[in-house]
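Accompanying notes for the structure given below.
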């Protein structure tokens, strides 16, 4: 009997250890050191609406006066530090090559007050003025770093992507283009923002196997928290902006070239493009989850598969720079 109990205890220990290792694997992502790049990371704080708001920015040596600004908005339960690391410093790498400044501001209590009507986090419940904060941040960076106010772009991941939609809807004068990632537009009954009457160039990058932000639309479910409510499908989100831009025909679909043969995800591009209208593009990451795409590194496994068919920062900057070239 004692021997049996001994083996039973050992078995339980092994099971628990196995479960712990499995959980650890699912919660792990490829953490890398910041690459050595020609430039510096600067940081600051802004007093806005009675709150001290924090930001950091990578300023490449190649930036110079009147550089473009790309604002990267972090996701839920995150901050600017995590936004840099979880995108594998890809925006810094592209910025060093292309000469734009990239800023990573912090939300309140690790969240942004996006358009979703009744989310459970403090930024929403307290109705934090994040649009005003981003406006103030742009002014601060224009004064301190000399960025070009006419070339301000915004992207964001998940909750940050939702905040990018809000800026496009409520502050189209502030930004030259937006690129939400793994975020669909809130459904009409879940949208507390003023709807846009001016279109901005829009790139949406979403995964079809996303268990948090459902590609086909429905209730956002963050590990059991459904307070974020319903969203449109990814295609309906893109169509909203295409309609606003004045497109009356269906978008053009194409499969993008496969760059990683051992990766089963694929990228589909749905685009509305014209020389005299803002471009609207949806990149559907087929088979990918709630993840930032990268050709080498993998995000937290619990969020689903990472697409290795492209670098998210390259996709986004290519879209932004094409917008500059079109003059729209």
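Residue numbers (my numbering): 28 to 355.
Ideal Cβ positions, reconstructed from N, Cα and C, are used throughout, including at glycine.
Only a predicted model underlies this, so the values are computations on that prediction, with no experimental measurement involved.
Where do the N-terminal and C-terminal ends of the alpha helix (DSSP H) with residue i fall, by residue?
i, result
"residue 107", "107-113"
"residue 192", "186-197"
Leaving out five residues before and five after residue i in sequence, what residues of the same chain have Cβ atoms less than 8 angstroms from its Cβ?
i, result
"residue 136", "148, 149 and 150"
"residue 322", "286, 287, 335, 336, 337 and 338"
Apart from the five residues just before and just after residue i, which ones in its own chain have a Cβ nearer than 7 angstroms to its Cβ?
i, result
"residue 254", "145, 146 and 147"
"residue 58", "112"
"residue 6", "Given that the chain is displayed from residue 28 to residue 355, the structure contains no residue 6 and the question cannot be resolved."
Bridge partners of residue i, per DSSP?
i, result
"residue 75", "78"
"residue 175", "Looking at the DSSP assignment, residue 175 forms no beta bridge with any residue, so it has no partner."
"residue 89", "The partner list for residue 89 (beta bridge, DSSP) is empty, contrary to what the question assumes."
"residue 257", "246"
"residue 130", "84 and 98"
"residue 213", "258"
Quick one: measure Cβ to Cβ for residue i and residue j, integer angstroms, because I've assumed they're closer than 8 angstroms.
i, j, result
"residue 313", "residue 295", "6 angstroms"
"residue 229", "residue 205", "6 angstroms"
"residue 261", "residue 330", "Their Cβ separation, rounded to whole angstroms, is 17 angstroms, which puts residue 261 and residue 330 out of contact at 8 angstroms."
"residue 168", "residue 70", "Between residue 70 and residue 168 the Cβ distance is about 12 angstroms, and since that is not below 8 angstroms, they are no contact."
"residue 317", "residue 185", "7 angstroms"
"residue 276", "residue 332", "In fact, because the Cβ distance is near 33 angstroms, the residues do not count as touching under 8 angstroms."
"residue 143", "residue 217", "6 angstroms"
"residue 114", "residue 346", "Not quite, the Cβ-Cβ distance comes to about 16 angstroms (not below 8 angstroms), so this is no contact."
Assuming residue i is part of the beta strand (DSSP E), what are its boundary residues?
i, result
"residue 125", "Premise fails: residue 125 lies in the alpha helix (DSSP H), 117-125, not in any beta strand (DSSP E)."
"residue 233", "229-234"
"residue 205", "204-208"
"residue 139", "Run containing residue 139: none; DSSP gives neither H nor E here."
"residue 281", "279-282"
"residue 266", "Taken as a continuous stretch (DSSP letters only), residue 266 belongs to no beta strand (DSSP E), being part of the alpha helix (DSSP H) at 261-271."
"residue 150", "Careful: residue 150 lies outside any beta strand (DSSP E), inside the alpha helix (DSSP H) at 149-152."
"residue 274", "Unbroken run through residue 274: none, as it is neither H nor E."
"residue 313", "304-313"
"residue 297", "293-301"
Please return the same chain residues whose Cβ sits closer than 6 angstroms to the Cβ of residue i, not counting the five positions on each side in sequence.
i, result
"residue 246", "253 and 257"
"residue 88", "65 and 66"
"residue 213", "142, 143 and 258"
With respect to 7 angstroms, is the separation between the Cβ of residue i and the closest non-hydrogen atom of the ligand MG below this value?
i, result
"residue 180", "The ligand MG is not part of this structure, which contains no ligands at all."
Are the beta-carbon atoms of residue i and residue j separated by less than 8 angstroms?
i, j, result
"residue 121", "residue 110", "no"
"residue 269", "residue 278", "yes"
"residue 182", "residue 97", "yes"
"residue 86", "residue 172", "yes"
"residue 133", "residue 107", "yes"
"residue 159", "residue 75", "yes"
"residue 233", "residue 211", "yes"
"residue 200", "residue 94", "no"
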